[in-house]
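Student: Quick one: the structure is below, questions incoming.
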């Protein structure tokens, strides 16, 4: 019974954090620079004939019962010299009780600004499926609270973004979903509200050539939503021989992270990140684990193996 109560309180607390208008709601990723099309539809690889496919799995607050788990998948390719398109999927789950699936199609149009700089504008459109199985929660009260009932809803999504980039830098501004949706309504005289607000993302990164074989890659992400403190992610990675990458990250007032990734073949890169929680919540979990897999598939046979210019972000 005690474990059931703890699970119930944990899930409800996390759900309140997720749904109330005064909190961040969209899933977060430590390796966000390799998951860019999920948060910005204007993200462009500017490499005709290359299919960029990837995924990230995040086990947040490991060891805490009912903690969030998130998985994302994306595929992106250039259709012409100016037009790029892709898909992105995000699955977010809290304790096996609350589940949300987001399915998007992304389109970006790329404009040359100079010989080395391009600016793209993008839109994403799709649908979110929200499910909450609250009836299975066990409480000390044998009678189920009428507010604790199952929810299954679908909402349309539409996002916009802009992305300025060159060979060794990028700067992006986006809102992945500009629609505000309410998961719960006033029914049977009960006031129940779970509202998702618009999230804004400002991202950027640069590659410094320290020498022929070592590069420094700082990056940042600012995430804002009405009524919540600004979320700030700062990352600094070292890239060695265009093959191995390692670095540190800091999420303001939340976590410090270690990141590594390895370019196994010209087409395949795998990565891992570990977050150590710096808040009081860190006393109740074993940290956060995140696994990344990226494929760069050469559809037109234009790649030259490891001599090909690497995709830094």
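Residue numbers (my numbering): 32 to 344. We put the CB at the ideal spot given by N, CA and C, even for glycine.
Just how far apart, CA to CA, sit residue 144 and residue 122?
Tutor: Rounded to the nearest angstrom, the two C-alpha atoms are 36 Å apart.
Student: Is the stretch 135-152 touching the stretch 83-100 in the sense that three or more CB pairs, one from each, lie closer than 8 Å?
Tutor: As far as the Cβ criterion goes, the stretch 83-100 does not touch the stretch 135-152, which means the pair count is below three.
Student: Run through DSSP, which three-state label would residue 66 get?
Tutor: Residue state, collapsed to three classes: coil.
Student: Under a three-way DSSP split, which group does residue 303 fall into?
Tutor: Strand at residue 303.
Student: In whole angstroms, give me the CA-to-CA distance for residue 343 and residue 108.
Tutor: Answer to the nearest angstrom: the Cα atoms are 16 Å apart.
Student: Ignore the nearest five residues each way along the sequence and tell me which others in residue 230's own chain have a CB closer than 8 Å to its CB.
Tutor: Hits under 8 Å: 55, 56, 57, 206, 207, 208, 254, 255 and 256.
Student: Measuring straight from C-alpha to C-alpha, what distance separates residue 295 and residue 323?
Tutor: When rounded, the distance between both Cα atoms is 13 Å.
Student: Please determine, among 69, 326 and 303, the residue with the shortest C-alpha to C-alpha distance to residue 319.
Tutor: Considering only alpha carbons, the answer is 303.
Student: I'd like the list of long-range same chain contacts for residue 67, defined as Cβ closer than 6 Å, with 5 residues on each side in sequence excluded.
Tutor: 74, listed in sequence order.
Student: Measuring CB to CB, does residue 158 end up less than 7 Å from residue 185?
Tutor: Contact flag set, yes.
Student: Ignore the nearest five residues each way along the sequence and tell me which others in residue 141's own chain have a CB closer than 7 Å to its CB.
Tutor: Once the five neighbours on either side are set aside, the close Cβ partners of residue 141 are 75, 77, 113, 115, 149 and 151.
Student: Which same chain residues, not among the five before or five after residue 327, have their C-beta less than 7 Å away from its C-beta?
Tutor: Closer than 7 Å at the Cβ level, and outside the excluded window around residue 327, lie 81, 83, 298 and 342.
Student: Let me check understanding here. Comparing Cα to Cα, which of 305, 317, 247 and 311 lies closest to residue 93?
Tutor: Among 305, 317, 247 and 311, the Cα nearest to that of residue 93 belongs to 317.
Student: Can you tell me whether residue 313 is helix, strand or coil according to DSSP?
Tutor: Helix.
Student: What does the Cβ neighbour count give for residue 321, buried or exposed, with the cut at 16 atoms within 10 Å?
Tutor: Residue 321 comes out buried.
Student: Return yes when the Cβ of residue 269 is within less than 7 Å of the Cβ of residue 290, no when it is not.
Tutor: No, they are not a contact pair.
Student: Can you grab the Cα-Cα spacing for the pair residue 95 / residue 331, in whole Å?
Tutor: Cα to Cα, the separation comes out at about 46 Å.
Student: Could you give the distance in angstroms between the alpha-carbon of residue 127 and the alpha-carbon of residue 181?
Tutor: Taking the straight line from one Cα to the other gives about 13 Å.
Student: By Cβ distance below 6 Å, which residues in the same chain neighbour residue 282 in space, the five residues on each side in sequence not counted?
Tutor: Taken in chain order, the residues that qualify are 264.
Student: In this structure, how does DSSP classify residue 99 when only helix, strand and coil are distinguished?
Tutor: DSSP places residue 99 in strand when its eight states are reduced to three.
Student: Rounded to a whole number of angstroms, what is the C-alpha to C-alpha distance between residue 146 and residue 273?
Tutor: Whole-angstrom Cα-Cα distance: 24 Å.
Student: Can you name, in chain order, every residue of its own chain whose Cβ lies under 8 Å from the Cβ of residue 260, other than the five neighbours on each side?
Tutor: Cβ within range, chain order: 284.
Student: List the residues that DSSP assigns as beta-bridge partners of residue 249.
Tutor: Looking at the DSSP assignment, residue 249 forms a beta bridge with 267.
Student: I need the boundaries of the beta strand (DSSP E) containing residue 183, first residue and last residue.
Tutor: That run of the beta strand (DSSP E) goes 182-196.
Student: Is residue 258 helix, strand or coil by DSSP?
Tutor: Coil at residue 258, not helix or strand.
Student: Would you say the beta carbon of residue 295 comes nearer than 6 Å to a heavy atom of the ligand ATP?
Tutor: Because no ligand of any kind appears in the structure shown, any question about the ligand ATP cannot be addressed here.
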